[in-house]
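Enquirer:
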Amino acid sequence: MVDRWSRVVYICSTLLFLLFGCTIEQQFLVSRQDRLALLQLRSSLGLRAREWPIKSDPCTTWVGIQCTNGSVTGINVSGFRRTRRGSQNPQFSVDALQNLTLLSSFNASNFPLPGPIPEWLGLQVASLKVLDLRFCSINGSIPFTLGNLSSLVELYLSSNSLAGALPSSLGQLVGLSVLDLSRNAFTGLIPVTFGALQNLTVLDMSSNRLSGEIPLGIGTLLRLQFLNLSGNSLSSSIPAQLGNLSSLVDLDLGFNTLSGSVPLDLRGLRNLQRLIVGDNSLSGQLPDNLFPPSTQLQFLVLGRNSFTGDFPELLWSIPTLQFLDVSVNNFTGTLPTNASSRVNTSSAVSNISHNSFYGNITPVIRRFSFIDMSGNYFEGPVPIYARGNTSLGTNCLRDVTSQRSRMECAAFYAERNLVFDNFGEPNATQPPPPPKSDKKNHKTIILASVFGAVGLIALLIFTIVLFIICKRKRGTTNQRGISVGPVPAGGSPPPPGASLNFSNLGDAFTYQQILQATDEFNDAKLIKHGHSGDLFHGILEGGIPVVIKKVDLDSAVKRESYLSELDLFSKVSHPRLVPFLGHFLENENEKFLVYRHMPNGDLSSSLFKKTDSEDGLQSLDWITRLKIAIGAAEGLSYLHHECIPPLVHRDVQASSILLDDKFEVRLGSLSEVCAQEGEIHQNRITRLLRLPQTSDSSASGTPNAICAYDVYCFGKVLLELVTGKLGISSSTDAAMKEWLEMTLPYISIYDKELVTNILDPSLIIDEDLLEEVWAMAIVARSCLNPKPTRRPLMRYILKALENPLKVVREDNASSERLRTTSSRGSWNAALFGSWRHSSSDVANIPATASQKVEGTSSFKQSGTTGSQGSGPNGDGNGHSSSARRHSKEIFPEPLDEEEVRRVNED
């Protein structure tokens, strides 16, 4: 018995020793002072036990804590979420950092710290080497004491609401390597003391409200590799001293008010790869030797300035150049004939539109995968290599639609003592003679005036009668409800086939070539049965992959569709439309259209692709999804806003968004495209007569023939990208509508976390990208507004997708600057104010949703005042009348008739 009790006592004492020993060991992992400081920081920031469990040792188990010899040297709370109680009153409360005497790194990026930076931070934490406070909702100004952090190497303060002047004391941080102050609201001058920061490699002060000159001292920062001063109000000229920055790789001075010429001293930037000076007031001629022969330049933007003279031939010949934008200037001269011989790339993109280039199109453009040459004075025939991904509108070219008038072209060439080819007709040097006078003109004018007056009276009588009839109908019948979404309908009548000649459109293939390419239309080559024809894979001679559409003319609908599509390709050209290669039109009963093959298929098949593993699916990453959304928006924006009259796609869905080998978008399914003729004016008459218009039909009654229908369908595509739910964009049934009703409440401008409930589970994103996903969801919801007149225009959608973070962040100061500096930048304020005010429709969340999402108090609070149909001033879309007037000032969208009446009464 004694031995048994001795054994029990021995075991218990051993356990106590182990427990006591672990406790002793734990005490030595982190000092008591540092542990108390971390506990205070945990409490003041409201950090969750998931990341910082209170009963464990910080040095071994707390996320983001780094220790050296028992002392805390690094803290990283980037992307952390506060507890529910901590999120109710978040503050910039980090007083406990004063007690961490060896702290060298503090990273709180993407963690909300609303409030000003405390002055003691620059006095009490002198050991800091890295301070990262990006996307922290910080306000106020930078304290002068921050210049005392003599050990600081990296300082990140971008994407906050900091304002005021930049303190000159920052020039004391001589050890600084990275200084990022971008996307704030700083004003005043750039401190001259910044010239003392000789160790800087990155200096980013873009998207602020800085003014004055660029300090000459910046030209002495010889280690600088990245310099971005864009999006400010900097004036004067570009300092020649910048040419001393031989290590500079990236220089962005765009969107300022810089004037003068580009200094030749920039030739010293021998490592420069990216130069942007667009959207300024620069002028003069570009020197031929602006860049050294060994330049590695890849990205050059000179657009939207006032440059004159001949365009340097060297810029056509830089082998590494991938993007060139010199649009909207006064460049002139002809294209070089031999520059392309020294270039070994063919994937570059160029925009030389809206200048005064003239002469024939030369083979130099072969080096570009796409080139916009519109708005110039090019003449002569269009060579074969210039067809396809080339924009040629508003020139003096033969056999091309949308060119300048004969008189305008002749006058341009005559001013320069040049011979104009007169579109290939005789008397090339003479402008067309003026019209002959008619002796009966006086009598004709009188008759036209009489008949015009009679017609005007008849129209007035018709309008009054129609108004009375509609008013009676409104009094006796109930207004129809608004449907959730439009339903696709048939196409619009194409132009008469007999009067169209498409023989010069693309290449003319033989029937034998078509059969050989498709193995005589083998079933294995069939892609799908489209509504306008059957699509087949094909391989042309030389191994060129193509897609061939076989159109059976026994169907009247298909016959009209293929004629409409050919007519479209004969009139428009854009890199976002599927490349049309040619046709075979000789058979009476069958027609064949040939397109370039898209290696990645369409969005519906590429969003999730099977991998080598069994039943494995590979999901497109978020960057690619955003790229696809922007590409599709570019194509639709071109159809809606750059074509006259505006063109409506009418078949926007995932299967019509084609993807090339680099996932660049090419819009397909173009057989349904039709013109939106007369829709705007007829809608104004509709509003004048107060006729209800709640569907997506045009005023003329053509189903879905308005651009707002494309916007609605595009909203479903965006939801497909966000949620990963296939088939949304192609479905119009009740199940889809029910799904939308359940999904849209999770998209709120007031609560980012709600969108995680509908997010594609296969997407792997960090906190930085979640805001972009949230922004795309908000854009999608705006597109899906039941009222066509309340949906945003496609050009605004494109700008929102190109700058998604501005959709979800207030930037009033920046918006004010953009409104007051120049009209070129005013789209920023006009657009992003809209998403925050007029597109913040808040719907009631189902009970299950509010229980599922953590921390939805802010959404519920906003929903009490802005929910649909609530309040005496509610409009059914989550706005009050006063908020609408504010939105109207920022974003020019139409008002409904009741809104007009309410505003007038106010």
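The sequence shown begins at 622 in this note's numbering and counts up by one.
Cβ atoms here follow ideal geometry from the backbone N, Cα and C, with glycine treated the same way.
Just to confirm the assignment: which complete beta strand (DSSP E) runs, minimum length 3, are found wholly within the stretch 750-787?
Expert: The stretch 750-787 contains these whole beta strand (DSSP E) runs: 751-753, 775-777, 782-786.
Enquirer: Do three or more CB pairs link the stretch 1270-1278 to the stretch 1185-1197 at distances below 8 angstroms?
Expert: no
Enquirer: Rounded to whole angstroms, how far is the Cβ of I982 from the Cβ of V949, which I believe are closer than 8 angstroms?
Expert: Residue 982 sits at position 361 when you count from the first residue of the sequence shown. Residue 949 sits at position 328 when you count from the first residue of the sequence shown. That belief does not hold up - the Cβ atoms of I982 and V949 are roughly 20 angstroms apart, past 8 angstroms.
Enquirer: Is Q1314 helix, strand or coil by DSSP?
Expert: The residue given as residue 1314 occupies position 693 in the sequence shown. Confidence is the limiting factor: at Q1314 the pLDDT is only 44, short of 50, which leaves the residue's position unreliable, though a coordinate-based value still follows. The answer is coil: DSSP assigns Q1314 none of H, G, I, E or B.
Enquirer: Could you spell out where the beta strand (DSSP E) holding Q687 opens and where it closes?
Expert: Numbered from its first residue, the sequence shown carries residue 687 at position 66. Counting along the chain, the beta strand (DSSP E) containing Q687 begins and ends at 686-689.
Enquirer: D909 and L935 look like a contact to me (Cβ under 8 angstroms); what is the Cβ gap, rounded to whole Å?
Expert: On the sequence shown, residue 909 is found 288 positions in, with the first residue counted as 1. On the sequence shown, residue 935 is found 314 positions in, with the first residue counted as 1. Confirmed, about 6 angstroms.
Enquirer: Between the Cα of L890 and those of P914, S882, G875, spot the shortest distance and give me the residue it belongs to.
Expert: The residue given as residue 890 occupies position 269 in the sequence shown. Measuring from the Cα of L890, the nearest candidate turns out to be P914.
Enquirer: Three or more C-beta pairs closer than 8 angstroms, one from the stretch 1385-1394 and one from the stretch 1325-1336: is that the case here?
Expert: In short, these stretches do not touch, since the Cβ pair count stays below three.
Enquirer: Tell me the residue span of the alpha helix (DSSP H) that contains D825.
Expert: Locating residue 825 in the sequence shown gives position 204, where the first residue counts as 1. No alpha helix (DSSP H) contains D825, which is instead part of the beta strand (DSSP E) from 823-825.
Enquirer: By a C-beta neighbour count over all protein chains shown, 10 Å radius and 16 as the cutoff for buried, is K1427 buried or exposed?
Expert: Counting from 1 along the sequence shown, the entry for residue 1427 is found at position 806. With 16 or more neighbouring CB atoms inside 10 Å of its own CB, K1427 falls in the buried class.
Enquirer: So is G809 buried or exposed if we call it buried at 16+ other beta carbons inside 10 Å?
Expert: For the purposes of this step, residue 809 is taken as the residue at position 188 of the sequence shown. Under this definition G809 is an exposed residue.
Enquirer: For F1157, which three-state DSSP category applies?
Expert: Numbered from its first residue, the sequence shown carries residue 1157 at position 536. Residue state, collapsed to three classes: strand.
Enquirer: What does the alpha-carbon distance come out to for the pair G1045 and G1001?
Expert: The residue given as residue 1045 occupies position 424 in the sequence shown. The residue given as residue 1001 occupies position 380 in the sequence shown. Using only the alpha carbons, I get a separation of about 7 angstroms.
Enquirer: Would you decide whether L657 is buried or exposed? Buried here means 16 or more other CB atoms lie within 10 Å of its CB.
Expert: Locating residue 657 in the sequence shown gives position 36, counting from the first residue. Flag for L657 reads exposed.
Enquirer: When DSSP labels each residue in this structure, what does Q862 get in the three-state scheme?
Expert: Along the sequence shown, read from residue 1 onward, the residue named residue 862 stands at position 241. Three-state result, Q862: helix.
Enquirer: Could you tell me which residues DSSP pairs with Q1239 in its beta bridges?
Expert: By one-based count along the sequence shown, residue 1239 stands at place 618. Paired residue(s): K1230.
Enquirer: How big is the Cα-Cα spacing for D801 and L848?
Expert: Stepping through the sequence shown from its first residue, residue 801 is reached at position 180. Stepping through the sequence shown from its first residue, residue 848 is reached at position 227. Distance between the alpha carbons of D801 and L848 is about 10 angstroms.
Enquirer: Give me the residue from N901, R888, L659, G881 with the minimum Cα distance to D873.
Expert: If you number the sequence shown from 1, residue 873 lands on position 252. Nearest option by C-alpha distance: N901.
Enquirer: What does a CB cutoff of less than 6 angstroms around H1195 pick up in its chain, not counting 5 residues either side in sequence?
Expert: For the purposes of this step, residue 1195 is taken as the residue at position 574 of the sequence shown. Closer than 6 angstroms at the Cβ level, and outside the excluded window around H1195, lie Y1259.
Enquirer: Among the candidates Q943, I897, S977, V898, whose CA atom is the shortest distance from the CA of F932?
Expert: To locate residue 932, count along the sequence shown from 1; it is residue 311. The shortest C-alpha separation from F932 is found at S977.
Enquirer: Determine the closest residue to G1014 out of F1041, N972, P1366, Y1034, with distance taken between C-alpha atoms.
Expert: Your numbering for residue 1014 matches position 393 in the sequence shown. Nearest option by C-alpha distance: N972.
Enquirer: Looking only at its chain, what residues have a beta carbon closer than 6 angstroms to the beta carbon of E834, apart from the 5 residues adjacent to it on each side?
Expert: Taking the first residue of the sequence shown as 1, we reach residue 834 at position 213. Once the five neighbours on either side are set aside, the close Cβ partners of E834 are S857.
Enquirer: Following the continuous beta strand (DSSP E) through S990, name the residue where it begins and the one where it ends.
Expert: Taking the sequence shown and counting its residues from 1, the one referred to as residue 990 is at position 369. Looking at the DSSP string, the run of the beta strand (DSSP E) that includes S990 is 989-993.
Enquirer: Could you tell me the distance, in whole angstroms, from the CA atom of A717 to the CA atom of Q661?
Expert: Taking the first residue of the sequence shown as 1, we reach residue 717 at position 96. Taking the first residue of the sequence shown as 1, we reach residue 661 at position 40. Spanning the two alpha carbons is a distance of roughly 6 angstroms.
Enquirer: How would you write the range of the beta strand (DSSP E) that Q906 sits in, first residue to last?
Expert: The residue labelled residue 906 in the question sits at position 285 within the sequence shown. Where Q906 is concerned, the enclosing beta strand (DSSP E) stretches over 902-906.
Enquirer: For a test of the three-state rule: what should DSSP assign to R1457, helix, strand or coil?
Expert: Residue mapping note: residue 1457 aligns to position 836 of the sequence shown, counting from 1. Here R1457 scores only 48 on pLDDT, less than 50, and its place in the model should not be relied on; the value that follows carries that caveat. In this structure, R1457 counts as helix in the three-state DSSP scheme.
Enquirer: Span of the beta strand (DSSP E) holding I897?
Expert: Here residue 897 corresponds to residue number 276 of the sequence shown, with the count starting at 1. Looking at the DSSP string, the run of the beta strand (DSSP E) that includes I897 is 895-897.
Enquirer: Taking the runs of the beta strand (DSSP E) that are 3 residues or longer, which of them lie wholly in the stretch 965-1050?
Expert: 969-972, 977-980, 989-993, 998-1001
Enquirer: Per DSSP, what kind of secondary structure is L848 in: helix, strand or coil?
Expert: Within the sequence shown, the letter at position 227 stands for residue 848. In the structure shown, L848 sits in a strand (DSSP, three-state: E or B).
Enquirer: Assuming S851 and G816 are in contact, meaning their beta carbons sit under 8 angstroms apart, how far apart are those beta carbons, in whole angstroms?
Expert: One-based indexing of the sequence shown puts residue 851 at position 230. One-based indexing of the sequence shown puts residue 816 at position 195. S851 to G816, Cβ: 20 angstroms. No contact.
Enquirer: Between S927, G930, N997, I992, which has its C-alpha nearest Q943's C-alpha?
Expert: On the sequence shown, position 322 is the one that residue 943 refers to. Comparing Cα-Cα distances from Q943 to each of S927, G930, N997, I992, the minimum goes to I992.
Enquirer: Report buried or exposed for L885, applying the criterion of at least 16 other Cβ atoms within 10 angstroms of its Cβ.
Expert: Taking the first residue of the sequence shown as position 1, residue 885 is located at position 264. Classification for L885: exposed.
Enquirer: When the Cα of G707 is compared with those of S699, N697, P733, S725, which residue comes out closest?
Expert: Reading the sequence shown from its first residue, position 86 is the one you call residue 707. Checking every option, the nearest Cα to that of G707 belongs to P733.
Enquirer: Shortest alpha-carbon distance to P739 belongs to which of A747, S730, L767, L723?
Expert: Within the sequence shown, the letter at position 118 stands for residue 739. Comparing Cα-Cα distances from P739 to each of A747, S730, L767, L723, the minimum goes to L767.
Enquirer: Give every residue of the same chain whose Cβ lies closer than 6 angstroms to the Cβ of K1170, excluding the five residues on either side of it in the sequence, and list them in chain order.
Expert: As a working note, residue 1170 is residue 549 in the sequence shown. The residues are G1154, L1156, L1214.
Enquirer: Note down the Cα distance separating T1131 from K1146, rounded to an integer number of angstroms.
Expert: Numbered from 1 along the sequence shown, position 510 holds the residue referred to as residue 1131. Numbered from 1 along the sequence shown, position 525 holds the residue referred to as residue 1146. Going by the C-alpha atoms only, they are around 19 angstroms apart.
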